[in-house]
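I have placed the structure first, in the form of structure tokens, so that the comments after it can refer back to it.
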Amino acid sequence: MIFDGIRFFAGIFVVCCLFRDCICLKEVKIDVPQAVLKGHEVILQCLFDLEGDKLYSLKWYHNSSEFYRYTLTGEHHAKPFKLKGFHVVPERSNATRVVLKHATRAINGGYSCEVTADQPSFFTDMKTADLEVVDPPVSDPLITGTKSRYKLGDYVKATCSSEKSDPAVNITWYVNGRPMDGPHVRKYRKTIEGNYIRYCVSREFTQTERSTDVWSACNDTSADASVVTSIHRQTCLPMCRGAIIFSPHCGLSTSVWTSEKRHA
Numbered sequence: 035m036i037f038d039g040i041r042f043f044a045g046i047f048v049v050c051c052l053f054r055d056c057i058c059l060k061e062v063k064i065d066v067p068q069a070v071l072k073g074h075e076v077i078l079q080c081l082f083d084l085e086g087d088k089l090y091s092l093k094w095y096h097n098s099s100e101f102y103r104y105t106l107t108g109e110h111h112a113k114p115f116k117l118k119g120f121h122v123v124p125e126r127s128n129a130t131r132v133v134l135k136h137a138t139r140a141i142n143g144g145y146s147c148e149v150t151a152d153q154p155s156f157f158t159d160m161k162t163a164d165l166e167v168v169d170p171p172v173s174d175p176l177i178t179g180t181k182s183r184y185k186l187g188d189y190v191k192a193t194c195s196s197e198k199s200d201p202a203v204n205i206t207w208y209v210n211g212r213p214m215d216g217p218h219v220r221k222y223r224k225t226i227e228g229n230y231i232r233y234c235v236s237r238e239f240t241q242t243e244r245s246t247d248v249w250s251a252c253n254d255t256s257a258d259a260s261v262v263t264s265i266h267r268q269t270c271l272p273m274c275r276g277a278i279i280f281s282p283h284c285g286l287s288t289s290v291w292t293s294e295k296r297h298a
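Whatever position you read off the sequence shown (first residue = 1), add 34 for the numbering used here.
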């Protein structure tokens with residue numbers, strides 16, 4: 035019976051909205067950054083068109099927990115709620131924007147903006163989006179294990195280490211400007227500590243008929259990657275790059291220059 039009544043009134047409202055003079059809430063749009071750096075400011079936006087109607091309430095949720103509400107009633111229109119990790123700036127927040135300061139990993143997850151029109155319709159619409167707070171490495175990756183001089187045919191083995199980050203850094207190897215990749219890929223994961231995850235990738239492929247390149251990449255709280263390549267040119271320039279896929283702000287790289295000479 036209850037659900038039949040809900041469908042009945044919903045049907046009346048939809049029919050009403052087909053008429054020219056009907057007032058409807060429409061075009062609710064949410065703007066949540068995909069990624070922000072830890073400690074930075076976050077601006078959440080929720081835009082809507084009431085078509086001349088009045089706003090009854092606007093509510094923001096984080097993973098179903100309400101942390102901000104805006105209404106036109108009462109002395110204070112903007113009302114933040116206490117939620118771990120959330121620091122709302124009331125004086126800079128309003129019906130369409132919420133400003134958060136000091137972003138931490140605690141505010142990762144899904145965000146929902148719920149807009150409700152005033153009487154007589156009380157029509158409600160909600161949009162959702164995800165946000166990731168990035169805690170990047172404090173320094174560039176470090177390449178170790180190389181020598182200053184090799185002879186043709188020698189193998190160069192280098193290790194790339196990155197400081198801890200959350201989420202984990204993805205490490206990519208380049209040798210003389212060419213990315214080291216191949217068709218054979220094995221991936222596995224292991225939790226190291228806390229929220230930090232270790233990812234390992236190993237690949238093998240033939241670079242030329244007379245050399246095989248084997249490399250592996252791992253990242254965790256202290257991300258490591260190693261590369262082994264056969265020298266068949268006068269110079270060998272291994273470079274590794276660490277990047278966090280969620281954040282365009284985090285892209286670190288380092289390289290070493292290995293100059294080889296043919297031994298007499």
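By construction, the Cβ of each residue, glycine as well, lies at the ideal position given by its N, Cα and C atoms.
Residue i and residue j closer than 8 Å at C-beta
| i | j | result |
| --- | --- | --- |
| R275 | T206 | yes |
| S199 | T178 | no |
| Y145 | T158 | no |
| R11 | K113 | Because the chain in this structure spans residues 35 to 298, residue 11 falls outside the shown range and cannot be described. |
| V167 | K60 | no |
| N210 | L165 | no |
| S99 | T150 | no |
| A137 | V76 | yes |
| P170 | I278 | yes |
| L78 | V132 | yes |
Span of the beta strand (DSSP E), counted from its first residue to its last, around residue i
| i | result |
| --- | --- |
| Y117 | Contrary to the premise, residue 117 reads as Leu rather than Tyr in this sequence. From DSSP, L117 is part of no beta strand (DSSP E); its letter is neither H nor E. |
| H110 | Here H110 belongs to no beta strand (DSSP E), and DSSP marks it neither H nor E. |
| K60 | K60 to D65 |
| F101 | S99 to Y104 |
| N142 | No beta strand (DSSP E) holds N142; DSSP gives it neither H nor E. |
| I77 | V76 to D83 |
| D272 | The amino acid at residue 272 is misidentified as Asp; the sequence shows Pro. Residues P272 to A277. |
| E166 | T158 to V168 |
| R131 | R131 to L134 |
| T206 | N204 to V209 |
| S172 | Here residue 172 turns out to be Val, not Ser, going by the sequence shown. Here V172 belongs to no beta strand (DSSP E), and DSSP marks it neither H nor E. |
| K93 | L89 to H96 |
| V70 | A69 to L71 |
Residue i versus residue j: straight-line alpha-carbon distance, rounded
| i | j | result |
| --- | --- | --- |
| I141 | T130 | 20 Å |
| L134 | C147 | 15 Å |
| M160 | D83 | 13 Å |
| D87 | S155 | 9 Å |
| G143 | S182 | 47 Å |
| L89 | P124 | 19 Å |
| Q68 | F101 | 19 Å |
| H111 | K118 | 22 Å |
| G108 | V70 | 33 Å |
| N128 | V66 | 16 Å |
| E85 | Q153 | 13 Å |
| Y208 | T193 | 12 Å |
| R139 | V62 | 27 Å |
| F115 | M273 | 48 Å |
| F239 | H74 | Its pLDDT being 30, under 50, F239 is placed unreliably in this model, and the coordinates cannot settle the point. |
| P201 | F120 | 20 Å |
Residue i burial status per 10 Å Cβ neighbour count (16 or more: buried)
| i | result |
| --- | --- |
| V122 | buried |
| D254 | Only weak support is given to the placement of D254: the predicted model assigns it a pLDDT of 36, under 50, and the value that follows is read from those uncertain coordinates. Buried, because 16 or more other Cβ atoms sit within 10 Å of the Cβ of D254. |
| L106 | exposed |
| H96 | buried |
| K93 | buried |
| T172 | Reading off the sequence, residue 172 comes out as Val, not Thr. Burial call: exposed. |
| P175 | buried |
| P213 | exposed |
Near the ligand SAM: residue i beta-carbon under 7 Å from a heavy atom
| i | result |
| --- | --- |
| D200 | Absence of the ligand SAM is noted for the structure shown, with no ligands found whatsoever. |
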